[in-house]
Amino acid sequence: MAGVLVFTEVKDGKLKKTSREALSIGGKLAEAMGGELVAFASDRAVVDEAGKYGAKKLFVANVGPYMTEPYAAALQHAVSQSQASVVLLGGTSNGRDLAPRVAARMNAGVASDVDRLEWTNGKLRARRPVYSGKAYATVEVSSNPAIATTRPNAFPPEESGGGAPQVVEIAVQVEAKAKLIDTKMPEAGEMSIAEADIIVSGGRGLKEAANFSLIRDLAHAIGGAVGASRATVDAGWIDHQHQVGQTGRVVSPNLYIACGISGAIQHLAGMTSSKHIVAINRDPEAPIFRVADLGVVGDLFQIVPALTEEVKKAKTH
Amino acid sequence: MNSVVCIAQVPDTESRIKIAGDSRRIDEAGIKFIVSPYDEFALEEAIRLKEKSGGDVTVVGFGPDRVQQALRECLARGATKALHIKGETAEADSLGIAKVLAAAIKSLPHDFVFFGKQGVGTDNSLVGPMVAELLGYPQINVVTHLEAGDGKVTAHREIEGAEEIIEASLPAVITAQKGLNEPRYASLKGIMAAKRIAIDSKSVADLGLQDSDVFNQRVTTVKLELPPEKKAGRKIDGGDAAAAAKEIVKYIREEAKAL
Chain F
14 MAGVLVFTEV KDGKLKKTSR EALSIGGKLA EAMGGELVAF ASDRAVVDEA
64 GKYGAKKLFV ANVGPYMTEP YAAALQHAVS QSQASVVLLG GTSNGRDLAP
114 RVAARMNAGV ASDVDRLEWT NGKLRARRPV YSGKAYATVE VSSNPAIATT
164 RPNAFPPEES GGGAPQVVEI AVQVEAKAKL IDTKMPEAGE MSIAEADIIV
214 SGGRGLKEAA NFSLIRDLAH AIGGAVGASR ATVDAGWIDH QHQVGQTGRV
264 VSPNLYIACG ISGAIQHLAG MTSSKHIVAI NRDPEAPIFR VADLGVVGDL
314 FQIVPALTEE VKKAKTH
Chain Y
2 MNSVVCIAQV PDTESRIKIA GDSRRIDEAG IKFIVSPYDE FALEEAIRLK
52 EKSGGDVTVV GFGPDRVQQA LRECLARGAT KALHIKGETA EADSLGIAKV
102 LAAAIKSLPH DFVFFGKQGV GTDNSLVGPM VAELLGYPQI NVVTHLEAGD
152 GKVTAHREIE GAEEIIEASL PAVITAQKGL NEPRYASLKG IMAAKRIAID
202 SKSVADLGLQ DSDVFNQRVT TVKLELPPEK KAGRKIDGGD AAAAAKEIVK
252 YIREEAKAL
């Protein structure tokens, strides 16, 4: 039966948020197709959770930590067995590593980083930001299966309240030519901007590397990730992992707080799709104010610490 | 060590994007095309490997005639050979492009196949891993550090908030992330030397592929549009920092519902 298969990822025994998002939109697509929603996971711990998000079947492969080749083999197996017409992967590092590999194996098309998905006239139609959000492309994927990776935070996770799915075990024996040796956690406790709900970003207005502590303090107080403009990354004030924009990461959190960022076109392209934008800048003419929902013209060295204190107060009330 | 570096030519990141009359492509008039920024890290890494242990660095670009200019620029920076595959890539999907590149790479000397982690603009991040699959090679994506060994490579792969250390056999496909190295500029000597290197040219048919493998298959763009103009919101005076902070918190709590 034509249906939707979602590749899910597990962290600390639970589904990653992007996987829950992909299941939620996957359920809607399956309904539109008159098909079934099924899921793939490398850990059966998430069987009940997958059911809550509407999966009727869970394919489980005991493939251990993520490595491209064994996962590609396992996912391809699940796709073939389920005969799914649509395969969705959350747009995480692993989802984006795996989708093209499986697509090439199955001669399938991929729509990357999509923020809208629908099933029309027997085809998968997807909208995706291109030129880092300076334009939107609507694409049609006509292959079977049709594959898409979903942009984090674009599809709200919604439980659809199903029971535990049927578990189908998959056995794969593939020698990985690229092996995971170790994982380094360079900045312990730091949240990635990729999937964050709240991002606090700093720009050249911070004047020097040490002043990123103001941004970190606010991010910590509000429970958000630390973002940065390209200028600060190029100046070596902060690691590239934090860069928002065209040569960094395109983000769309619920709340984006830009501090001392003037708003170069590449930066705006990377964050304009955020749902709520607050900008703090001394220059009332700064382009960032053109996209800000709340613009504050003033000195970030005064306002950001005051805001951190106010957020802490708000959190304790 | 021999490397192939696959490059994409993309609009300069400073470009303002306009939509062409067919509502499916960008209007290329007035656009300055550059080598995709992540490809510069890929090229630099290949040149460094060559400088350390010899071999060739072949740059490959698939696209219209203007791609030759991008290839010339890579030669000026230190690539030793260049191959231009002619074709209207705007009508090819990522797997179509990957099939063309994979076919071309087979006849070029390589231990490494480098890509940028994404083509800036189309932002698909698909072609590198697709080529790896088509050639049966291991892939390491979004690489920030690389060490070439005897028949193997050890690389750091950036993931959410951490780095993985991955070891792969050669040949391997590597996609480069910013931070892998500091790309050099072309020297005057390099520019002069590059002029003496002939860019090899092939068609899709020369590679034994049909147009139907490559163009208008699997994924087609139905519509390209500009995002809705975002309306600027309120602007307030932050002269009184404490009052401004209270106003921001009120906004975060009531509108963003994030507190």
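The listed protein sequences derive, respectively, from chains F and Y.
Be aware that the first sequence starts at 14, since it is given in the numbering used here, and climbs by one per residue.
Be aware that the second sequence starts at 2, since it is given in the numbering used here, and climbs by one per residue.
Built from N, CA and C at the ideal position, the CB exists for glycine as well.
All figures in this text were calculated on a predicted structure; none of them were measured in a lab.
F/Ala-238 and Y/Ile-175 have their C-alpha atoms spaced approximately 28 Å apart. Under the 8 Å Cβ criterion, the region 50-59 of chain F does not count as touching the region 160-170 of chain F, having fewer than three qualifying pairs.
Within chain F, the C-beta atoms nearer than 7 Å to that of Y/Asn-142 come from Asp-110, in chain order. Against chain F, the CB of Y/Ile-48 has no partner CB under 7 Å away; the residue lies outside that interface. In this structure, DSSP gives Y/Ile-167 an extended state, which the three-state scheme calls strand. Non-local beta-carbon contacts of Y/Ser-54 in its own chain, meaning distances under 7 Å to residues more than five positions away in sequence, involve Met-2 in chain order. DSSP places F/Arg-141 within a strand segment (E or B) once states are collapsed to three. The beta carbon of Y/Val-220 is closer than 6 Å to those of Asp-94 in its chain, skipping five residues each way along the sequence. Here Y/Val-154 is near Y/Ala-173, since their CB atoms are less than 7 Å apart. Within 10 angstroms of the beta-carbon of F/Asn-75 lie fewer than 16 other beta-carbons, which makes it exposed. Among the bridge pairs identified by DSSP, Y/Asp-201 is matched with Y/Leu-84. For a Cβ distance threshold of 8 Å, nothing in chain F lies close to Y/Glu-45: the least Cβ distance comes to about 15 Å. For chain F, the residues of the region 72-99 of chain Y that bring a beta carbon within less than 8 Å of one of its beta carbons are Asp-94, Ser-95, Leu-96 and Ala-99, in chain order. For F/Arg-164, no CB of chain Y lies under 7 Å from its own CB, so it is not counted at the interface with that chain. Within the model, the alpha-carbon separation for Y/Asn-182 versus F/Ser-275 is close to 27 Å. DSSP places Y/Ala-244 in the uninterrupted alpha helix (DSSP H) bounded by 242-255.
Within the DSSP secondary-structure output, F/Thr-245 pairs in no beta bridge. The DSSP assignment places complete alpha helix (DSSP H) segments of no fewer than 4 residues inside the region 38-90 of chain Y at 38-54 and 68-78, in order along the chain. For F/Lys-136, the CB contacts under 8 Å within the same chain, skipping 5 residues up- and downstream, are Glu-153, Val-154, Ser-155 and Ala-159 in chain order.
Counted as a single uninterrupted DSSP element, the alpha helix (DSSP H) harbouring Y/Leu-135 occupies residues 128-136.
Per DSSP, the continuous beta strand (DSSP E) segment holding F/Thr-162 begins and ends at 159-163. At a cut-off of 7 Å between C-beta atoms, Y/Met-131 counts as an interface residue with respect to chain F.
Interface residue (Cβ-Cβ distance to chain F less than 7 Å): Y/Ala-257 is classified as such. Under the 7 Å criterion on CB atoms, Y/Lys-224 is classed as interfacial with respect to chain F. Chain Y places no beta carbon closer than 7 Å to that of F/Ala-58, leaving this residue out of the contacts.
For F/Asn-294, the beta-bridge partners assigned by DSSP are F/Val-310. Separation of Y/Leu-72 and Y/Leu-127 (C-alpha to C-alpha, rounded to the nearest whole angstrom) is 21 Å.
At least 7 Å separates the CB of F/Ser-93 from every CB of chain Y. Residue pairing by DSSP places F/Arg-129 opposite F/Arg-140 in a beta bridge. For the pair F/Glu-221 and F/Ala-87, the Cα-to-Cα distance works out to about 48 Å.
Within the same chain, no Cβ atom closer than 6 Å to the Cβ of Y/Glu-230 is found once the five residues on either side in sequence are excluded. Between the region 159-166 of chain Y and the region 33-51 of chain Y, the count of C-beta pairs closer than 8 Å stays below three; the two stretches do not touch. Interface with chain Y (7 Å Cβ-Cβ cutoff): F/Pro-113 is included. For F/Val-115, there is no enclosing beta strand (DSSP E); the enclosing alpha helix (DSSP H) has its first and last residue at 106-118. Residues of the same chain with a CB within less than 6 Å of the CB of F/Ala-15, apart from the 5 flanking positions on each side, are Met-46, Gly-48 and Ser-98 in chain order.
Listed in chain order, the non-local C-beta contacts of F/Leu-227 below 6 Å within the same chain comprise Val-317, local neighbours out to five positions each way being set aside.
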